[in-house]
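Everything in the sequence shown is counted per our numbering, starting at 6 for the first residue and increasing by one. Backbone N, C-alpha and C fix where the C-beta goes; we use that ideal spot for every residue, glycine too. Below is one structure, written out as structure tokens; the observations come after it.
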Amino acid sequence: MTERTAVAIVGAGPAGLLLSHLLDRAGIASIVIESRSREEVETTIRAGILEQGTVEILRETGASDRVTTTGSRHDGIELRFEGEGHRIDFAASVGRGVWLYPQHEVLKDLIAARTAAGQDLRFGVRAVAVEDAETERPRVIATGPDGERIEIEADVVVGSDGSRGVTRETVTGSHGGFYREYPFAWFGVLCEAPPSAEELIYSNSPDGFALISQRSATVQRMYFQCDPDEDPERFSERELWDILQARVPGTTLNEGPIFQRDVLRFRSFVAHRLRRGRVVLVGDAAHTVPPTGAKGMNLAVADVVLLADALRALLHERDERLLDAYPERALARIWKAQHFSWWMTSMLHVAPDASDFDRRRQVGELRSVVESEHGRAYLAEAYTGWPLAR
Ligand code: PHB
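In structure tokens, the structure reads:
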């Protein structure tokens with residue numbers, strides 16, 4: 006049996022869930038399928054910084070109040086190098102801020118809001134193919150929790166199934182995308198300790214990069230640059246604290262039991278195409294960024310804001326122009342975010358083959374940012390997020 010809806014959404018991450026929410030507000034029906042269980046979606050640890058525009062969308066559309074009641078506003082970050090911290094004051098530079106609110110909390114809020122609204126949202130359903138992309142009746146073929154075959158026909162299929170989903174290939178074919186790899190990864194830890202600083206610390210040290218982030222008054226998130234093939238179990242807790250501490254010279258970290266550790270590999274990627282006929286990519290299915298600029302989820306939200314407008318015009322007014330314009334409009338922001346994420350990454354990490362020249366140049370680069378009003382303003386503007394097209 007073939008089911009029918011206006012928009013079939015593959016993937017219940019931030020992009021897919023927010024899209025179903027915005028479409029519903031515009032009176033457009035959708036079915037969201039997700040291969041993972043609800044529990045897995047709600048508990049997988051991801052990054053935690055939301056741009057001001059992301060927060061505004063979540064609040065104004067009733068998707069999440071907790072983002073500002075539970076999350077905390079940050080008006081700056083610290084860039085640390087050569088043993089000294091330099092504050093980038095977002096509020097003073099650009100009059101904007103960010104919120105620290107973990108992605109899985111956003112997901113919990115979105116799932117609760119969609120469920121309360123009666124959204125057709127199915128966990129444990131794995132998309133296996135998207136067919137007839139170039140017709141007005143594209144179809145998602147999926148497998149249900151008991152192995153049953155599911156077929157959903159829609160006006161539009163949206164691929165929000167991340168970097169390993171099946172929709173990307175439907176759109177890009179064998180072309181894939183533009184990408185670059187990095188010769189390092191992040192070793193992430195969650196620990197039980199009070200915060201070590203009021204704001205995030207992005208630190209460049211001779212031993213490599215570290216990021217001191219937070220989760221709550223009692224739980225902290227920290228990362229340090231490591232080899233992409235690092236074994237997360239190789240270090241004792243003592244060794245992990247010594248590594249972290251050495252990467253933030255000039256500050257003293259509050260230590261405590263480490264209860265989670267993981268190695269996060271990353272790369273920069275942009276799909277060659279974001280649309281094929283009636284199949285469109287958003288979020289990580291379309292692009293991935295290294296985590297240093299905290300852009301991943303925010304970029305997904307920006308795609309979705311553009312696409313929701315395009316789908317309203319298409320489905321309510323039979324006007325396809327915004328959908329035609331979607332790839333170009335989305336890519337303009339995507340490449341700015343790619344540049345910012347790459348820049349923050351290359352400026353703060355130490356490449357394994359870095360020469361003395363490279364190291365000294367990097368400190369010169371950091372100085373030209375923190376000592377310049379304009380340098381600080383560029384960082385603040387990009388980090389807090391360019392205005393959303395609304
Ligand atoms: C985090 O808290 O997990 C986090 C914060 C900032 C980043 C990346 C990750 O740039």
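Query	Result
Distance CB(Phe229)-CB(Ile248) smaller than 7 Å	yes
Ser218: CB within 6 Å of a non-hydrogen atom of the ligand PHB	yes
When Lys113, Asp324, Val60 and Arg64 are compared against Gly102, the one with the closest alpha-carbon	Val60
Ile82 CB to nearest heavy atom of the ligand PHB below 6 Å	no
Close Cβ partners of Asp94 (< 8 Å) along its chain, the five nearest in sequence each way excluded	Asp80, Gly81, Arg381 and Ala385
Same chain, Cβ closer than 7 Å to Met352, five either side skipped, listed in chain order	Gln367, Glu370 and Leu371
Identity of the residue in Ile38, Phe214 and Cys196 nearest Pro150 by Cα	Ile38
Candidates Gly18, Arg173, Leu126 and Ala315, of which the one nearest Ala31 by Cα	Ala315
Cα-Cα separation between Ile217 and Leu205, rounded to whole angstroms	6 Å
Own chain, CB closer than 6 Å to Ser168, minus 5 neighbours either side, in chain order	Asp289 and Thr293
Proximity test, Gly76 beta-carbon vs the ligand PHB heavy atom, cut-off 6 Å	no
Arg252: CB within 6 Å of a non-hydrogen atom of the ligand PHB	no
Under the three-state DSSP convention, the category Ile248 falls into	helix
Alpha carbon of Arg64 to alpha carbon of Gly123, nearest angstrom	20 Å
Where Phe95 falls: helix, strand or coil (DSSP)	helix
Ala342 beta carbon near the ligand PHB (any heavy atom closer than 6 Å)	no
Span of the alpha helix (DSSP H) around Gly380	Glu378 to Thr389
Integer Cβ distance of Ala147 from Val130, believed to fall under 8 Å	5 Å
Alpha-carbon to alpha-carbon, Gly301 and Tyr416	Outside the modelled stretch of the chain, which goes from 6 to 395, sits residue 416, for which no answer is possible.
Top-ranked residue by Cα proximity to Gly390, from Ala34, Val12, Glu47 and Leu55	Leu55
Every unbroken beta strand (DSSP E) within the segment 164–198, with a cutoff of 3 residues, ordered by chain	182–186 and 190–197
Contact under 7 Å by Cβ, Val161 with Val135	no
Whole-Å CB distance - Arg173 paired with Leu286, under 8 Å assumed	6 Å
Complete alpha helix (DSSP H) runs within the segment 313–395 (minimum length 4 residues, chain order)	326–353, 361–375 and 378–389
6 Å CB neighbourhood of Val176 in its chain, flanking five on each side removed	Arg278, Arg281, Val284 and Leu286
Segment contact, 8 Å Cβ cut-off, at least three pairs: the segment 192–208 with the segment 312–328	no
beta-carbon Ala305 near the ligand PHB non-hydrogen atom, thresh 6 Å	no
Burial state of Glu156, where buried means 16 or more other Cβ atoms lie within 10 Å	exposed
Gly164: CB within 6 Å of a non-hydrogen atom of the ligand PHB	no
Cβ shell of Glu141 (< 8 Å), same chain only, five flanking positions each side left out	Asp160 and Arg283
Residue burial classification, Thr350 (beta-carbon count within 10 angstroms, cutoff 16)	buried
Residue of Ala13, Gly100 and His91 minimising C-alpha distance to Ile33	Ala13
Beta-carbon gap between Gly164 and Val15 smaller than 7 Å	yes
Whole-angstrom distance between Pro188 and Asp234, CA atom to CA atom	10 Å
Collapsed DSSP secondary structure at His292 in the structure displayed	strand
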